[in-house]
Each structure stands twice: as structure tokens, then as C-alpha cells.
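Chemist: Quick one: the structure is below, and I'll ask about it shortly.
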Amino acid sequence: MSTNASTNADRSYAGTGSELLAVEDLKKHFPVTRGILFQKQVASVKAVDGVSFTVRSGETLGVVGESGCGKSTMARCIMRLLDPTGGKVVFEGRDITRLSRADMRPIRREMMMIFQDPYASLNARKRVGFIVAEALEVHKMGTEAEIKRRVQELLDVVGLNPEHYNRFPHEFSGGQRQRIGVARALAVNPKLIVCDEPVSALDVSVQAQILNLLKDLQRDFGLTYIFIAHDLNVVRHISDRVMVMYLGKIAELAPRDELYREPRHPYTGALLSAVPIPNPELGRQRKPIVLQGDVPSPLNPPAACNFHPRCPRFQEGHCDVDPPPLYSFGTGHTAACHYPLESWPLTEEEMRRPSSRPQSRPSEEPAPTT
Amino acid sequence: MALLEVTDLRTHFRTDDGIVRAVDGVSFEVEKGKTLGIVGESGSGKSVTCLTIMGLNAKRNTISSGQALFKGEDLLSMPPKRLRDIRGNDIAMIFQDPMTSLNPVHTIGRQLVEAIKLHRDTTSRQARARALELLKAVGIPRAERRMDDYPHQFSGGMRQRVMIAMALLNDPDLLIADEPTTALDVTTQAQILELMNRLQREFGSAIIIITHDLGVVAETADDVVVMYAARIVERAPVNNLFNRPHMPYTWGLLGSLPRLDVETERLTQIPGQPPSLLNPPRGCRFHPRCPYVMNICKEQEPELRPISDDPGHLQACHLDEQTKDREAAKLAAGSLAEAS
Numbered sequence: 001m002s003t004n005a006s007t008n009a010d011r012s013y014a015g016t017g018s019e020l021l022a023v024e025d026l027k028k029h030f031p032v033t034r035g036i037l038f039q040k041q042v043a044s045v046k047a048v049d050g051v052s053f054t055v056r057s058g059e060t061l062g063v064v065g066e067s068g069c070g071k072s073t074m075a076r077c078i079m080r081l082l083d084p085t086g087g088k089v090v091f092e093g094r095d096i097t098r099l100s101r102a103d104m105r106p107i108r109r110e111m112m113m114i115f116q117d118p119y120a121s122l123n124a125r126k127r128v129g130f131i132v133a134e135a136l137e138v139h140k141m142g143t144e145a146e147i148k149r150r151v152q153e154l155l156d157v158v159g160l161n162p163e164h165y166n167r168f169p170h171e172f173s174g175g176q177r178q179r180i181g182v183a184r185a186l187a188v189n190p191k192l193i194v195c196d197e198p199v200s201a202l203d204v205s206v207q208a209q210i211l212n213l214l215k216d217l218q219r220d221f222g223l224t225y226i227f228i229a230h231d232l233n234v235v236r237h238i239s240d241r242v243m244v245m246y247l248g249k250i251a252e253l254a255p256r257d258e259l260y261r262e263p264r265h266p267y268t269g270a271l272l273s274a275v276p277i278p279n280p281e282l283g284r285q286r287k288p289i290v291l292q293g294d295v296p297s298p299l300n301p302p303a304a305c306n307f308h309p310r311c312p313r314f315q316e317g318h319c320d321v322d323p324p325p326l327y328s329f330g331t332g333h334t335a336a337c338h339y340p341l342e343s344w345p346l347t348e349e350e351m352r353r354p355s356s357r358p359q360s361r362p363s364e365e366p367a368p369t370t
Numbered sequence: 371m372a373l374l375e376v377t378d379l380r381t382h383f384r385t386d387d388g389i390v391r392a393v394d395g396v397s398f399e400v401e402k403g404k405t406l407g408i409v410g411e412s413g414s415g416k417s418v419t420c421l422t423i424m425g426l427n428a429k430r431n432t433i434s435s436g437q438a439l440f441k442g443e444d445l446l447s448m449p450p451k452r453l454r455d456i457r458g459n460d461i462a463m464i465f466q467d468p469m470t471s472l473n474p475v476h477t478i479g480r481q482l483v484e485a486i487k488l489h490r491d492t493t494s495r496q497a498r499a500r501a502l503e504l505l506k507a508v509g510i511p512r513a514e515r516r517m518d519d520y521p522h523q524f525s526g527g528m529r530q531r532v533m534i535a536m537a538l539l540n541d542p543d544l545l546i547a548d549e550p551t552t553a554l555d556v557t558t559q560a561q562i563l564e565l566m567n568r569l570q571r572e573f574g575s576a577i578i579i580i581t582h583d584l585g586v587v588a589e590t591a592d593d594v595v596v597m598y599a600a601r602i603v604e605r606a607p608v609n610n611l612f613n614r615p616h617m618p619y620t621w622g623l624l625g626s627l628p629r630l631d632v633e634t635e636r637l638t639q640i641p642g643q644p645p646s647l648l649n650p651p652r653g654c655r656f657h658p659r660c661p662y663v664m665n666i667c668k669e670q671e672p673e674l675r676p677i678s679d680d681p682g683h684l685q686a687c688h689l690d691e692q693t694k695d696r697e698a699a700k701l702a703a704g705s706l707a708e709a710s
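Residue numbers (our numbering), protein chains in the order written: chain A, 1 to 370; chain L, 371 to 710.
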């Protein structure tokens, strides 16, 4: 336990880990077209709309947000499974945004992905050995015998029986399949693994197995994770820093403990207050800040601050006119809100009445946190 | 007398591989105006229990036995016509997936009106007025206009509200909600749970809420049933269950949960997988995964019996009570020994 705690401290924001990935003003707009013969673009869905962050080697960046906020699209852009509309993805100091397929190939070995649905993400007609070995073969990493040995070693690492090499995915349970997905991602010794909702489809007891496995692997192989999930409990458990997304933009980005202890963005506050607590006495005292309505369509997002139609502290003439930049709240903590939360937890009443002074413009100096 | 009394309910399915015992001897009661939470992992028999009570299992290849007394009448043995009267009228159900439980080719209004006219002798106009009233009650904005929209024009949370409105149309005494918030985001989940709580206060219905989310159970239920491999392993009032869980499987469930209110470096994991219901393990069904397993567990299935100083708290485990109290206290402190 103590060793874990100390590694966590080492990885705090001021830590020394080198920058592995930098995302700058990333945008992905999907065109909406009309017409059969002459397709004319009539609008665009701004799935990801100007997202910037960095990931340091050895850390876990958690990404939370509701369905449709652009988490998965962002992940796919980073992996170059989708081509970004704008912005840059810099991996180990190299801009990979415009690389050709051939130039991309050696880099693909460095970043791998684990997908949400362990039922749909494994080819049902291929044996497990083949599924795990495929990346090794593509990247020509070893002879046939070496690859086979490596695959068996990987199955062992993720807690499967190496003798199940010749089985098909349907012979495994959901949790075991997710382990196969993890083994496949590990095969080529990547530096970065993007986990897109890896435990959402699993039962809690199995979810705990996979989360523990991911933590152990990170410790043993020095992996870096981008961990996408909608479950705030899971994200807190695994992440060093957490990024909250809303409608294709970053609402808040902060070191894990700070985000959960002192959220600044009202959306983060609403998310945190909405999580049910598995403790009847505490849970029933909880007063969730219930947001009105649904997430708006990214086809036609609200002007300025895109959260303003649902925000309890919405100030007319400011929030709907002036888009909030990412204000700084101490080291590594930023939030895009003119009227950030003064403290936490807040009652619904306090939530509605922001202190009258809006946040000052960001400067070089971090803004005072009081 | 309780509103619903289920006694020794069994549902077995005949399959090509043999008989699957999906529910195997389940008993519980639901009191008027109270909420019963049923928790368990996929395949533990939570949903099948409720489908059996509602008579919604396919008749072919299903063998059901036991009793489900609703206001003194046995739902399992009554004639189909009588059951149809009760279903949707006195007992209503909300399903997990609001995307697939509404008919995509009819408007919301038409589906609501149909459900009212099936059970009540009213004119279309009265039925429409009633449907509108309920859509407003569940918080659909601009309900007059949205009545004539199709399900695909609603978001997930809104569809679940429509499902709740439909369930409440005929003022049911019992509402069965099968994972009502699982497909929804947290902020929407908060909206729906608040709505269900408010409606329960206003309409006084009893609720059975089926879920795998212990957080949802802790905040909504009065009594909790924990199911594992087609059987009830623990049953208690909600505070007792969470403060003093008395069964290693419940400890595992609570310990494997990453949560905001307890700091844990490492989650307790339950090793292995849930057993096959074609051929469940001998003795206690949890014994192959249980870190506290003893010889007796492999031979003799523990009965569901009350713990000595709390007759309302039932559990099925052979472990002695001192050990259990000690382990439950450790769990509360967040440091249960990891299962080996």
C-alpha cells in the first residue's frame, strides 16, 4: 500500500514525468449533408471542438462526461482512427496529425486501445491466439515460435490460462473477454493505452478484477493510460488527473483529488452530486443538484458557454455572450466558467447564487483560489 | 398482510443443454407503499423473478412453481384473463431499455391512450387528458405538443419518463422497475430517481427496484434482497444490510465497488465467475469463489435464516457470527483482506 501511495505522490501534477502526448486545439466536425446526387454540406456536428491537454509518461488521465460529449471521438482522433478536422496531436514530440499511413505504422505500435464492448470488439471467427498475436505479426515482431510464446506469456499476465490459446471468444465470459482485449493491447509493448469505457459492460465484481489488473499492469510495465468512462467512481479510483468534458469541450481539468474535493465548474458539481452513494445514511442526506433538461444537440450547440441553458448559476448577458476561457485555479487545475463554485459541497440555493464578481481574465499568474 | 408475498418461487427453463434453474426457491414480501431493492449480478435471476411474477415468461419450455400472492390472489395460478386485468392496472412494469420498450411506429400519445383504454371504460378524449396530465407529472416539457411525437424524437431520459408515465396511468399499487436507470447518464439518473421517489410519495405505490447498482439501492430501497446464482443469499432492511452485511458475497459486492465516500487503493475482487445455472455447485453456491470457505460449505447448502439478534435480517451462510461481525466491521473500515 505504502509503495503505491508514494508512486501516486510522485505522479502528482508537479511530477517529473516527461510529456508523452500533447493535444492542441483538437477539433473533429462531422459534416451533415443533404441531397442524393450532389451532396451539399448543410451543417456540422461539432463532436470535439477545441480540446487541448497533455499526458505525461506513466500517469492516468481520466476522461468523464455524459454520452455524446465527444469522449470517444476524441480518443479515436488521438489514435488516428479518425482524421481530426483541426488541431494537432503530438506524440513523443512528433506531430502525428498529418502523417501518412506508412509513416503512422511504427507509431501505431506505441499506442493501443481497449474497447468498451468485449462482445463486439473480438472477431468471433478467430481464435484467441490469433487475436492477440495479430499486432505482433503486423509489426513483424519475432518468429512464429517467438510470437506463440509471447502470446502465452501475455495470456498468463492478464490472468487467463495460457492453454486456452486455441479457444474462440464465445467460450469466454465477459470479464475474460475483456482480459483478452487487454492482452491484445499489451502485445506490442505500447507506451500509451487508450481505454474507452473498458469496464462499463461488466458486472461490479468483474469490473473490480479488470480495474485491479489495469493498475497492476501500469505498475509493472510503466504504462500511460487515457481512461474514458462515464462512471465517476471508477474514474476517481484509477486516475491521477481527471478531465470533464461537456459537448465537445473541456469543462474542467484537475488533479484527481482536487477535482473531487473542490470542483469549480458547476457541471462537475452537478455530476458529483448526482452519483448515488452506497451508504443509506449518507446517501439519503445527499441533495443532488438536478440539472434541467438534456444535453443539447452538438449540431447546434448553445452560444458562448455551451452549458449555460442548464447551468444553475447562469447569468444572462454574460454566460450566453462571452465564451469562458479555461481559468486557472492553482497548479494544473483549470475550469471554463465565469462564475466558478466558491466551495464544495454547495446547497442548491448557494449553487444558484454566485458571488457577484465574475472571474477575472486569465493571466500568467494563477488566479487566487479563494 | 403484505401487498405481495412471494413464496418458494422457482422458474426453470428447458434448454438443449438441460434444465436451467434461473430462479430456485425465492421468497420475499413487499409491503404497501414500501420499496424493495433486488440486487445481484447479471444472470443471478433478478429479472426472471419479476417476469415470472408478471407472467411474462414465454410459456413454452418454462416450468414455474411456488406462489406469488398479490392482495391474497395467486398470480401464478390465476386464469390468464384475470392476470391481464391486473397487469398494467394494479401492477405495472418499467423496463431497462427505454429505446426498445416503446413502439417506434406509433406516437407517444397513442401508446398512452391505448394503455388507458385497455383497462378503463373512458372516451378517447378523457384518456388523452389523463395521458397529458401524467406526461406533465413526469416532467415532459411542452407535453401537449410532444404527445404527437414519435419515440425517436425523445432522448433516452425523456423516453424513460414516458415509460414511467405509462406505468402510472392506472395508479398501480405495485410498480416493478427493472434496471430503470442503467441505460442513462448520471445526471439523468438523478432526475429519474428523484421522479420515482416523488411519485411514490404522491401515489403511494409499492416499488420493486431491480438493479446491480448498490448506490441506487442504498438511496431508494427500504428493504434489500441480494441474489446470487438464482437464490436469495441475504435479505434485510437497507440500513442493516449496508452497516452490517452478513454474507461473504455481499462483502465482495460492497468491497469491489469504487466509491466516492471511501478511499481505497485497491478494490476487493471476487475471484472467478458466477456459476452456470445448468449445473450449480453443490453445497453453498458461492463456495468456489468464497475466501472463507469451510468443509461444510462444499457439502451442505446453508438455509436462509435470521441472525440471532436481528430477526428481520436473513442470511444464508455457515460462517459463525463472531467472524462475520469482525469481517463486516473491517469492511466498513475499508480494509477487508483481499480474497486469495
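No residue lacks a Cβ here, since even glycine has one placed at the ideal position from N, Cα and C.
Between Ser-414 (chain L) and Met-597 (chain L), is the Cβ-Cβ spacing less than 8 Å?
Modeler: Along the second sequence, one-based indexing puts residue 414 (chain L) at 44. Along the second sequence, one-based indexing puts residue 597 (chain L) at 227. For Ser-414 (chain L) and Met-597 (chain L), yes; Cβs fall inside 8 Å.
Chemist: Any beta carbon of chain L sitting closer than 8 Å to that of Asp-320 (chain A)?
Modeler: In the first sequence, residue 320 (chain A) corresponds to position 320, counting from 1. Chain L contact via Cβ: absent.
Chemist: With distances taken Cα to Cα, identify the nearest neighbour of Asn-306 (chain A) among A:Met-104, A:Pro-312, A:Cys-319.
Modeler: Indexing the first sequence from 1 puts residue 306 (chain A) at position 306. Selected option, being the one with the closest Cα: A:Cys-319.
Chemist: Which same chain residues, not among the five before or five after Thr-347 (chain A), have their C-beta less than 6 Å away from its C-beta?
Modeler: Working through the first sequence from its first residue, we reach residue 347 (chain A) at position 347. Contacts found: none.
Chemist: By Cβ distance below 7 Å, which residues in the same chain neighbour Ala-14 (chain A) in space, the five residues on each side in sequence not counted?
Modeler: The residue labelled residue 14 (chain A) in the question sits at position 14 within the first sequence. Here Ala-14 (chain A) scores only 40 on pLDDT, less than 50, and its place in the model is too uncertain to base an answer on.
Chemist: Rounded to a whole number of angstroms, what is the C-alpha to C-alpha distance between Thr-381 (chain L) and Leu-647 (chain L)?
Modeler: Taking the first residue of the second sequence as position 1, residue 381 (chain L) is located at position 11. Taking the first residue of the second sequence as position 1, residue 647 (chain L) is located at position 277. Whole-angstrom Cα-Cα distance: 12 Å.
Chemist: Starting from the C-beta of Val-663 (chain L), find all residues in its chain whose C-beta is less than 6 Å away, skip the five residues before and the five after it, and write them out in chain order.
Modeler: Within the second sequence, the letter at position 293 stands for residue 663 (chain L). Here the set comprises His-657.
Chemist: Does DSSP put Ser-412 (chain L) in a helix, a strand or coil?
Modeler: Here residue 412 (chain L) refers to the residue found at position 42 of the second sequence. Three-state DSSP puts Ser-412 (chain L) in coil, outside helix and strand.
Chemist: Check whether the region 85 to 94 of chain A touches the region 238 to 253 of chain A, counting contact only when three or more Cβ pairs, one atom from each stretch, lie closer than 8 Å.
Modeler: no
Chemist: Which of the residues in the region 532 to 561 of chain L, read from start to end, lie with their CB under 8 Å from any CB of chain A?
Modeler: Correct list: Asp-555, Val-556, Thr-557, Thr-558, Gln-559, Ala-560, Gln-561.
Chemist: Under 8 Å, Cβ to Cβ, is there at least one residue of chain L near Tyr-225 (chain A)?
Modeler: Here residue 225 (chain A) corresponds to residue number 225 of the first sequence, with the count starting at 1. With 8 Å as the cut-off, Tyr-225 (chain A) does not count as an interface residue toward chain L.
Chemist: Give the residues from the region 253 to 270 of chain A that approach chain L closer than 7 Å (Cβ to any Cβ), ordered along the chain.
Modeler: Tyr-260, Ala-270
Chemist: Alpha carbon to alpha carbon, how far is Ile-677 (chain L) from Arg-167 (chain A)?
Modeler: In the second sequence, residue 677 (chain L) corresponds to position 307, counting from 1. In the first sequence, residue 167 (chain A) corresponds to position 167, counting from 1. Between Ile-677 (chain L) and Arg-167 (chain A), the C-alpha separation is close to 45 Å.
Chemist: Suppose you measure from the CA of Ala-367 (chain A) to the CA of Arg-108 (chain A); what does that come to, to the nearest Å?
Modeler: For the purposes of this step, residue 367 (chain A) is taken as the residue at position 367 of the first sequence. For the purposes of this step, residue 108 (chain A) is taken as the residue at position 108 of the first sequence. For Ala-367 (chain A), the pLDDT reaches just 44, beneath the cut-off of 50, and the residue's location in the model is therefore unreliable, although a value from the coordinates is still provided. Their backbone Cα atoms lie some 39 Å apart in a straight line.
Chemist: With a floor of 3 residues, list each beta strand (DSSP E) that falls wholly inside the region 397 to 460 of chain L, ordered by position along the chain.
Modeler: Within the region 397 to 460 of chain L, the runs of beta strand (DSSP E) at least 3 residues long that lie entirely inside it are, in chain order, 405 to 409, 432 to 440.
Chemist: Assign His-338 (chain A) to one of three DSSP states: helix, strand, or coil.
Modeler: Counting from 1 along the first sequence, the entry for residue 338 (chain A) is found at position 338. In the structure shown, His-338 (chain A) sits in coil (DSSP, three-state: anything other than H, G, I, E or B).
Chemist: Would Tyr-619 (chain L) and Val-603 (chain L) be called neighbours here (beta carbons separated by less than 8 Å)?
Modeler: Position 249 of the second sequence holds residue 619 (chain L). Position 233 of the second sequence holds residue 603 (chain L). Cβ distance < 8 Å, so Tyr-619 (chain L) and Val-603 (chain L) count as in contact.
Chemist: Taking only the alpha-carbon atoms, compute the straight-line gap between Tyr-260 (chain A) and Leu-299 (chain A) and give it to the nearest angstrom.
Modeler: Indexing the first sequence from 1 puts residue 260 (chain A) at position 260. Indexing the first sequence from 1 puts residue 299 (chain A) at position 299. Near 31 Å, if we compare the C-alpha coordinates of Leu-299 (chain A) and Tyr-260 (chain A).
Chemist: If you follow the alpha helix (DSSP H) that Tyr-260 (chain A) is in, where does it begin and where does it stop?
Modeler: Here residue 260 (chain A) refers to the residue found at position 260 when the first sequence is read from its first residue. Note, Tyr-260 (chain A): alpha helix (DSSP H), 256 to 261.
Chemist: Kindly list, in the order they appear in chain L, the residues whose Cβ is closer than 8 Å to that of Asn-212 (chain A).
Modeler: Here residue 212 (chain A) corresponds to residue number 212 of the first sequence, with the count starting at 1. Arg-636, Leu-637, Gln-639, listed in chain order.
Chemist: Check whether the region 545 to 553 of chain L and the region 371 to 389 of chain L are in contact - that is, three or more C-beta pairs closer than 8 Å.
Modeler: no
Chemist: Count the other CB atoms within 10 Å of the CB of Asp-196 (chain A); is the residue buried (16 or more) or exposed (fewer)?
Modeler: The sequence position of residue 196 (chain A) within the first sequence is 196, counting from 1. So Asp-196 (chain A) counts as buried.
Chemist: Buried or exposed: Ile-666 (chain L), going by 16 or more other Cβ atoms within 10 Å of its Cβ?
Modeler: Locating residue 666 (chain L) in the second sequence gives position 296, counting from the first residue. So Ile-666 (chain L) counts as exposed.
Chemist: CA-CA distance, Ile-389 (chain L) and Arg-675 (chain L)?
Modeler: Position 19 of the second sequence holds residue 389 (chain L). Position 305 of the second sequence holds residue 675 (chain L). Answer to the nearest angstrom: the Cα atoms are 27 Å apart.
Chemist: Could you work out which residue in L:Asp-695, L:Val-608, L:Glu-673 is closest to Arg-601 (chain L) when comparing CA atoms only?
Modeler: By one-based count along the second sequence, residue 601 (chain L) stands at place 231. Cα-wise, what sits closest to Arg-601 (chain L) is L:Glu-673.
Chemist: Which residue's Cα is closest to the Cα of Glu-375 (chain L): L:Glu-399, L:Gln-559, L:Arg-391?
Modeler: The residue you call residue 375 (chain L) lines up with position 5 of the second sequence. Among L:Glu-399, L:Gln-559, L:Arg-391, the Cα nearest to that of Glu-375 (chain L) belongs to L:Glu-399.
Chemist: Which one or two residues does DSSP pair with Gln-685 (chain L) in a beta bridge?
Modeler: Locating residue 685 (chain L) in the second sequence gives position 315, where the first residue counts as 1. The partner list for Gln-685 (chain L) (beta bridge, DSSP) reads L:Glu-604, L:Arg-675.
Chemist: What in chain L is Cβ-close to His-237 (chain A), meaning under 8 Å?
Modeler: Here the question's residue 237 (chain A) lines up with position 237 in the first sequence. What His-237 (chain A) touches in chain L: Pro-628, Thr-634, Leu-637.
Chemist: Find out if the Cβ-Cβ distance for the pair Thr-422 (chain L), Leu-453 (chain L) is shorter than 8 Å.
Modeler: Position 52 of the second sequence, counted from the start, is the residue given in the question as residue 422 (chain L). Position 83 of the second sequence, counted from the start, is the residue given in the question as residue 453 (chain L). Not closer than 8 Å, so no.
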